[in-house]
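Trainee: Take this structure first; my questions come after.
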Amino acid sequence: MTQNKQKELEFFDNLASEQEYNVFTDAANQKIIETILSLSNIQSGAQIIDLGCGSGIFTQLLDQRGFDCIGLDLSQKLLQIGKKQQKNIHFIQADVEALPFSDNSVETIVLSCLIHHLPNPQKLAAEVFRVLAPRGQFIAFDPNRLNPFMYLYRDRTSPFYSSKGVTENERPIIPGDIRQVFNTAGFETHSHYVEGLSFRYVASGTAKGFLPIYNFFDRHFFKPSMMKLFRAFVFTHGIKSMRHPA
Ligand SMILES: C[S@@+](CC[C@H](N)C(=O)[O-])C[C@H]1O[C@@H](n2cnc3c(N)ncnc32)[C@H](O)[C@@H]1O
């Protein structure tokens, strides 16, 4: 299965006519940035390419921390919002499955809530591997299909699945499957599970009513480490290995 680019583009261009893309609370956005920085251990001033940057929420937060950022997305309209808000950041319209960067040229890549938008992320993994310098790294964050809320609300096989506010390309990821794709591309990977990323916004009216309950459970029920595999979000960290991809 491949990504339907037209559907993806239409969805995010339409969204951009109403608003910027900023679904988490400010505290959750900061927690995402802290997690990215602690997993990668990169120092201020380093170069970061934010793939699937949308209107650039995370590109901007990383820029504010002193990183040298480029944002890249398929949706020209979301990028225009980012360009208006953040004049010093370079935004590029491109497809992550054909990155406009030369081989071995990039230090760090953030896959910004992006992998779960690619039904088959093999091409993405190959492109990220191609452009990263040896020992370069990527950090991704995505909804975790092992989390009961994510499964029930966002997985197509669930009887409670809602297609509201999502593209037909996306579904929560199974962390081990994603690690395997990136390992095969030539990365050393590991998963890190995060709770407490509260949403400020969900599209479905019914889900909006449940949002405080979701946010409460997410913060408290999934906090103990024995629950970590079931937390709502999973970060995948990968380092470009020196061995050749399989
Ligand atoms: C869930 S949004 C994430 C936006 C932002 N990074 C955030 O986390 O708030 C996914 C983004 O990935 C972008 N995207 C999806 N497929 C893409 C592709 N093939 N190439 C570039 N961008 C893509 C979409 O346009 C959208 O902006």
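The opening position of the sequence shown corresponds to residue 47 in my numbering, with each subsequent residue numbered one higher.
Beta carbons: idealized from backbone N, C-alpha and C, even for Gly.
Within a Cβ cutoff of 7 angstroms, which residues of the same chain sit near A295, ignoring the five residues on either side of it in sequence?
Mentor: No information on residue 295 is available, as it lies outside the stretch 47 to 292 that the chain covers here.
Trainee: Closer than 7 angstroms by C-beta to T235: which residues in its own chain qualify, once you throw out the five before and the five after it? Chain order, please.
Mentor: Counting from one through the sequence shown, the residue named residue 235 turns up at place 189. Cβ neighbours of T235 beyond the five flanking positions: R225, F228, N229, T282, H283 and G284.
Trainee: Return the CA-CA distance between E64 and A179, expressed in angstroms with no decimal places.
Mentor: Here residue 64 is taken as the residue at index 18 of the sequence shown, counted from 1. Here residue 179 is taken as the residue at index 133 of the sequence shown, counted from 1. Cα-Cα distance, rounded: 38 angstroms.
Trainee: Of the choices S90, G117, Q131 and I78, whose alpha-carbon is the least far from that of P189?
Mentor: Start at 1 with the first residue of the sequence shown, and residue 189 comes out as number 143. That would be I78, whose Cα lies nearest to the Cα of P189.
Trainee: Report the rounded CA-to-CA distance for K133 versus G242, giving the unit in angstroms.
Mentor: Along the sequence shown, read from residue 1 onward, the residue named residue 133 stands at position 87. Along the sequence shown, read from residue 1 onward, the residue named residue 242 stands at position 196. If you take the alpha carbons of K133 and G242, they lie about 31 angstroms apart.
Trainee: Are the stretch 116-127 and the stretch 93-104 in contact at 8 angstroms, needing three or more beta carbon pairs?
Mentor: Cβ pair count under 8 angstroms is three or more, so yes.
Trainee: Name the one or two DSSP bridge partners that N190 has.
Mentor: Taking the first residue of the sequence shown as position 1, residue 190 is located at position 144. According to DSSP, N190 bridges with I219.
Trainee: Among the candidates L192, V240, Y207 and G182, whose CA atom is the shortest distance from the CA of M288?
Mentor: Mapped onto the sequence shown, residue 288 falls at position 242. For M288, the nearest C-alpha among the options comes from G182.
Trainee: Would you identify the three-state DSSP class for T230, choosing helix, strand or coil?
Mentor: Taking the sequence shown and counting its residues from 1, one reaches residue 230 at position 184. Three-state DSSP puts T230 in a helix.
Trainee: Where does A179 fall in DSSP's three states?
Mentor: In the sequence shown, residue 179 corresponds to position 133, counting from 1. Strand at A179.
Trainee: Could you check which residue in I103, H162, K129 and Q139 has the C-alpha nearest to that of I219?
Mentor: As a first step, residue 219 must be located in the sequence shown, where it is residue number 173. Ranking the options by Cα distance to I219, first place goes to H162.
Trainee: Is E56 near ligand 1, in the sense that its beta carbon is under 7 angstroms from a heavy atom of that ligand?
Mentor: One-based indexing of the sequence shown puts residue 56 at position 10. No, since every heavy atom of ligand 1 falls outside the 7 angstroms radius drawn around the Cβ of E56.
Trainee: With a threshold of 8 angstroms on Cβ separation, who are the neighbours of N261 within its own chain once the five nearest residues in sequence on each side are excluded?
Mentor: As a working mapping, residue 261 is identified with position 215 in the sequence shown. Here the set comprises S244 and F245.
Trainee: Just to confirm my understanding: we take L4, look at its own chain, exclude 5 residues before and 5 after, and list those with CB closer than 7 angstroms. What are they?
Mentor: This structure cannot settle anything about residue 4, because the visible part of the chain is limited to 47 through 292.
Trainee: Could you tell me the alpha carbon to alpha carbon distance between G112 and Y239, rounded to whole angstroms?
Mentor: Start at 1 with the first residue of the sequence shown, and residue 112 comes out as number 66. Start at 1 with the first residue of the sequence shown, and residue 239 comes out as number 193. Roughly 26 angstroms separates the two Cα atoms.
Trainee: Tell me whether G222 is buried or exposed, calling it buried when 16 or more other Cβ atoms sit within 10 Å of its Cβ.
Mentor: Residue mapping note: residue 222 aligns to position 176 of the sequence shown, counting from 1. The residue is exposed, with fewer than 16 neighbouring Cβ atoms inside 10 Å.
Trainee: Starting from the Cα of N87, find the closest Cα among I155, P205, L275 and M196 and give me that residue.
Mentor: The residue you call residue 87 lines up with position 41 of the sequence shown. Answer by Cα proximity: I155.
Trainee: Hey, is F104 close to ligand 1, as in C-beta under 7 angstroms from one of its heavy atoms?
Mentor: On the sequence shown, position 58 is the one that residue 104 refers to. Checking the Cβ of F104 against ligand 1 gives yes.
Trainee: Below 7 angstroms, is the gap between the Cβ of D72 and the nearest heavy atom of ligand 1?
Mentor: Along the sequence shown, one-based indexing puts residue 72 at 26. D72: no, Cβ never under 7 angstroms from ligand 1.
Trainee: DSSP three-state call for Y260: helix, strand or coil?
Mentor: Stepping through the sequence shown from its first residue, residue 260 is reached at position 214. Three-state DSSP puts Y260 in a helix.
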